[in-house]
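Colleague: Mind having a look at this structure? Questions to follow.
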Amino acid sequence: MELTPKELAAIKARRVQQTAVLGGNKPKRKPKPMKKPTGKAEQQLKLSMSAPDFSDGHASISEEHDGLRCESFFVEYMAPSLNSLYAGVHWAVRKKQADKGHQACNSLSIAPFTKPVKLTFTPVVGKRARARDCSNYAYAVKVIEDGLVHAKIIKDDTNEYVKSITINEPVTDRSIESGVWVQIEEVEGLAVDQLKGEYPWRNVS
Numbered sequence: 752m753e754l755t756p757k758e759l760a761a762i763k764a765r766r767v768q769q770t771a772v773l774g775g776n777k778p779k780r781k782p783k784p785m786k787k788p789t790g791k792a793e794q795q796l797k798l799s800m801s802a803p804d805f806s807d808g809h810a811s812i813s814e815e816h817d818g819l820r821c822e823s824f825f826v827e828y829m830a831p832s833l834n835s836l837y838a839g840v841h842w843a844v845r846k847k848q849a850d851k852g853h854q855a856c857n858s859l860s861i862a863p864f865t866k867p868v869k870l871t872f873t874p875v876v877g878k879r880a881r882a883r884d885c886s887n888y889a890y891a892v893k894v895i896e897d898g899l900v901h902a903k904i905i906k907d908d909t910n911e912y913v914k915s916i917t918i919n920e921p922v923t924d925r926s927i928e929s930g931v932w933v934q935i936e937e938v939e940g941l942a943v944d945q946l947k948g949e950y951p952w953r954n955v956s
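Heads up, the sequence shown is in the working numbering, so the first residue is 752 and it goes up one at a time.
If you want it as structure tokens, here you go:
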């Protein structure tokens, strides 16, 4: 039986449709080559782990105050900088977060500090938020510290002006939005023996 041109066209169209459904006659795509990691953070980590051994010059110090034990000791490890790990985030996201933190600091009515300071941060877990480990607030602390400089509340964030930073455990207040309580304390003018008492490793020769 001879098929008409119309029937032949219908059969051909049906075969094309079946091929498309079954996935036949499709050219196989070559897998995209995997991008090689830049390794910047890994390189910094490797360098920090291979640093010279200074542990012989740092003795451990045991103290007791009001029946409470206090240990001060040297741990031979330094992590890569927060900035190097944060560099992988898209610049627009970084800028948005920085602008938000700087704006919050600019709205404060705080007289400028001209002397060196200690900074203490207490995170507040507000509405719809969950508490984090203290160290997981490091990024928020860095943005706020930069914001304090941007708002001219502290002169600079270098070691010359910011002598220490403390992150306390978070507190919970579900009646407000999440934020951070910041304490700025002047430290210039403290006697040397006071500094040694506060930082016991200064007594180690």
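Heads up, the beta-carbon is just placed ideally off N, CA and C, and yes, glycines get one too.
1. For Gly852, which residues from the same chain have a beta carbon less than 6 Å from its beta carbon, with the 5 sequence-adjacent residues on both sides left out?
2. Please state the DSSP three-state secondary structure of Gly930.
3. Give every residue of the same chain whose Cβ lies closer than 6 Å to the Cβ of Leu773, excluding the five residues on either side of it in the sequence, and list them in chain order.
4. Can you list, in chain order, the residues of its chain whose CB lies under 8 Å from that of Val868, leaving out five sequence neighbours each side?
5. To the nearest angstrom, report how far apart Lys846 and Ala764 are at their CA atoms.
6. Mind reading off the beta-carbon distance from Val875 to Val922? Whole number of angstroms is fine, and I expect it under 8 Å.
7. Per DSSP, which one or two residues make a beta bridge with Thr873?
8. Do you know offhand how far Leu870's Cα is from Ser886's?
9. Could you spell out where the beta strand (DSSP E) holding Ile895 opens and where it closes?
10. Could you give the distance in angstroms between the alpha-carbon of Pro863 and the alpha-carbon of Lys903?
11. Three-state secondary structure (DSSP) at Ile861?
12. Let me know the secondary structure DSSP gives Ile812 once reduced to three states.
13. Under the assumption that Gly930 contacts Gly877 (Cβ atoms under 8 Å), give the Cβ distance between them as a whole number of angstroms.
14. Taking a contact to mean a Cβ-Cβ separation below 8 Å, would you say Ala891 touches Leu833 in this structure?
Modeller: Taking the geometry as given:
1. Val894, Ile895 and Gly898
2. strand
3. Residue placement at Leu773 cannot be trusted, given a pLDDT of 49 that sits under 50; what the coordinates show is reported in the next sentence. None.
4. Ile905, Tyr912, Val913, Lys914, Ile935, Glu936, Glu937 and Val938
5. 55 Å
6. 6 Å
7. Trp932
8. 15 Å
9. First-last for Ile895: Ala889 to His901, but that is the alpha helix (DSSP H), not the beta strand (DSSP E).
10. 6 Å
11. coil
12. strand
13. 7 Å
14. no
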